[in-house]
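J.: Numbered according to my numbering, the sequence shown spans residues 87 to 210. Pasting a structure here, questions to come.
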Amino acid sequence: MANQPLKGIERLKAAFLNSRQGARDIWRGEEAFRLEVIILLVGVPIAFWLAKDYFQTAILIGTILILITVEILNSAIEAVVDRIGPERHELSRMAKDLGSLAVLVATGLVILIWGAALLDRFLH
Numbered sequence: 087m088a089n090q091p092l093k094g095i096e097r098l099k100a101a102f103l104n105s106r107q108g109a110r111d112i113w114r115g116e117e118a119f120r121l122e123v124i125i126l127l128v129g130v131p132i133a134f135w136l137a138k139d140y141f142q143t144a145i146l147i148g149t150i151l152i153l154i155t156v157e158i159l160n161s162a163i164e165a166v167v168d169r170i171g172p173e174r175h176e177l178s179r180m181a182k183d184l185g186s187l188a189v190l191v192a193t194g195l196v197i198l199i200w201g202a203a204l205l206d207r208f209l210h
């Protein structure tokens, strides 16, 4: 019965350990992820200062967390494509480019929301 899925606390424990390993892997292998974490660490105190209320603070911090999440998914796509093989293929290129586009769109969201908060803070 070794192939039975884990349940309850054991499943949560396994998921946590897998997530921790993923965090180690992306921290070691992806400079963009490390930069985004630094942006988060710098951004959190700035968000508390910049925002007018806790909801706006959550939105500001949340946009950076969305960016980090998209970066993680982009890295996962790249890892799967690279696992398939080193040869060039149009679908592999497209998958990687679409992942990169997702990161660009998420970055645009951060810039839009933070820019609006800055304008709101200093022009009102």
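Every residue gets a Cβ at the ideal spot worked out from N, C-alpha and C, and that includes glycine. All of these numbers come straight from a predicted model, not from anything done at the bench.
Taking the alpha-carbon of E164 as reference, which of L153, I152, L177 has the nearest alpha-carbon?
T.: Along the sequence shown, one-based indexing puts residue 164 at 78. For E164, the nearest C-alpha among the options comes from L177.
J.: Do the stretch 141–159 and the stretch 119–130 touch if we need at least three Cβ pairs shorter than 8 Å?
T.: Yes: the two stretches touch, three or more of their Cβ pairs being nearer than 8 Å.
J.: With DSSP run on the structure shown, which of helix, strand or coil describes L205?
T.: Counting from 1 along the sequence shown, the entry for residue 205 is found at position 119. Here L205 sits in helix by DSSP.
J.: Have a look at G148 and L209 and give me their C-alpha separation to the nearest angstrom.
T.: Against the sequence shown, residue 148 aligns to sequence position 62. Against the sequence shown, residue 209 aligns to sequence position 123. G148 and L209: Cα-Cα distance of roughly 23 Å.
J.: Suppose contacts are defined by Cβ-Cβ distances below 9 Å. Is L146 in contact with L136 by that definition?
T.: The residue given as residue 146 occupies position 60 in the sequence shown. The residue given as residue 136 occupies position 50 in the sequence shown. In this structure, L136 lies closer than 9 Å to L146 by Cβ.
J.: Thinking just about the alpha-carbon of each residue, which of A192, A100, Q142, A181 is nearest to the one in A203?
T.: Taking the sequence shown and counting its residues from 1, one reaches residue 203 at position 117. Checked all of A192, A100, Q142, A181; the closest Cα to A203 is Q142.
J.: The alpha helix (DSSP H) that contains G148, what's its start and end?
T.: Here residue 148 refers to the residue found at position 62 of the sequence shown. That run of the alpha helix (DSSP H) goes 140–170.
J.: Can you give me the Cβ contacts of I170 inside the same chain, cut-off strictly under 8 Å, excluding the 5 residues immediately before and after it?
T.: Within the sequence shown, residue 170 is the residue found at index 84, counting from 1. The answer, listed in chain order, is S178.
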